[in-house]
Amino acid sequence: MIWAVASTIAAVFMATLMIFIRMKAAKKPASVKKIILPPFMMSTGALMFLFPQFQVSWIQVLEAVSVGIIFSVLLIVSSKFEIKGNDIYLIPSKAFVFILFGLLALRIILKTIVGQSISFGETSGMFFLLAFGMIISWRTAMLLKFLKLKKQLDGEKTFSGKVVEQKP
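Residue numbers for the sequence shown follow the working numbering, beginning at 1 and rising by one.
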């Protein structure tokens with residue numbers, strides 16, 4: 001029980017930290033590196049599966065990743081980019097805070113329900129996979145949007161020699 005409470009507090013802290021990081025990042029141009037690094041850094045958490053108490057069945061992997069992909073839809077829809085001068089910026093969404101905390105609340109509720117029927121370790125493994133499925137699909141969609149704008153920006157540079165302010 002104490003681990004469930006501690007992990008919930010940690011999740012709330014991480015979500016709050018993510019909001020501040022995202023607000024700060026919106027002030028600087030986006031880049032491929034900034035988009036793809038978070039999933040790579042998060043992937044180190046998969047080392048938990050080296051320990052038997054965190055291992056889950058393949059059906060649980062499929063369930064968790066599928067739910068993560070479904071949850072990512074709101075994040076994908078709320079993540080938009082715009083061209084400003086010669087750079088591409090992530091537009092801060094006013095809904096992002098509500099989406100993030102809404103998804104967090106939903107995850108806590110699901111974790112409480114699932115945690116009643118499987119062990120804490122398995123629950124932790126499944127919810128890591130849920131979060132990983134969510135961030136991979138969200139960041140992949142962001143990368144595709146970014147690369148599309150980057151191609152447009154590079155095309156404008158070669159066509160006119162300079163970039164004109166673009167409005168979406």
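Heads up, the beta-carbon is just placed ideally off N, CA and C, and yes, glycines get one too. Just so you know, these numbers come straight off a predicted model, no measurement behind them.
Within 8 Å, strictly: CB atoms of residue i and residue j
i: F54; j: G133; result: no
i: I99; j: L74; result: yes
i: L149; j: I88; result: yes
i: I135; j: P52; result: no
i: R139; j: I35; result: yes
i: A4; j: F120; result: yes
i: F81; j: F146; result: yes
i: A30; j: L129; result: no
i: L144; j: V32; result: no
i: T8; j: I108; result: yes
Buried versus exposed, by CB contacts within 10 Å (16 or more), residue i
i: T112; result: exposed
i: T44; result: exposed
i: S137; result: buried
i: M41; result: exposed
i: G115; result: buried
i: V56; result: buried
i: A46; result: exposed
i: I59; result: exposed
i: I83; result: buried
i: F13; result: exposed
Reduced DSSP category for residue i - H, G, I as helix; E, B as strand; rest coil
i: F81; result: strand
i: V5; result: helix
i: I118; result: coil
i: V163; result: Note that V163 scores a pLDDT of 48, beneath 50, so its modelled location is shaky; the value from the coordinates is reported in the next line. Of the three classes helix, strand and coil, the one that applies to V163 here is coil, per DSSP.
i: P52; result: helix
Below-8 Å beta-carbon distance, residue i vs any chain C residue
i: L147; result: Of the protein chains in the structure, only one exists, and it is not chain C.
**Prompt:** Would you call the stretch 62-75 and the stretch 146-156 touching, i.e. three or more CB-CB distances under 8 Å?
**Reply:** The way I'd put it, the stretch 62-75 doesn't touch the stretch 146-156; fewer than three beta-carbon pairs between them come closer than 8 Å.
| message | Check whether the stretch 84-93 and the stretch 103-118 touch, using three or more Cβ-Cβ pairs below 8 Å as the test. | response | Between the stretch 84-93 and the stretch 103-118, the count of Cβ pairs shorter than 8 Å is below three; the stretches do not touch.
Task: Whole beta strand (DSSP E) elements within the stretch 55-116, 3-residue minimum - done: Correct list: 80-84 and 87-91.
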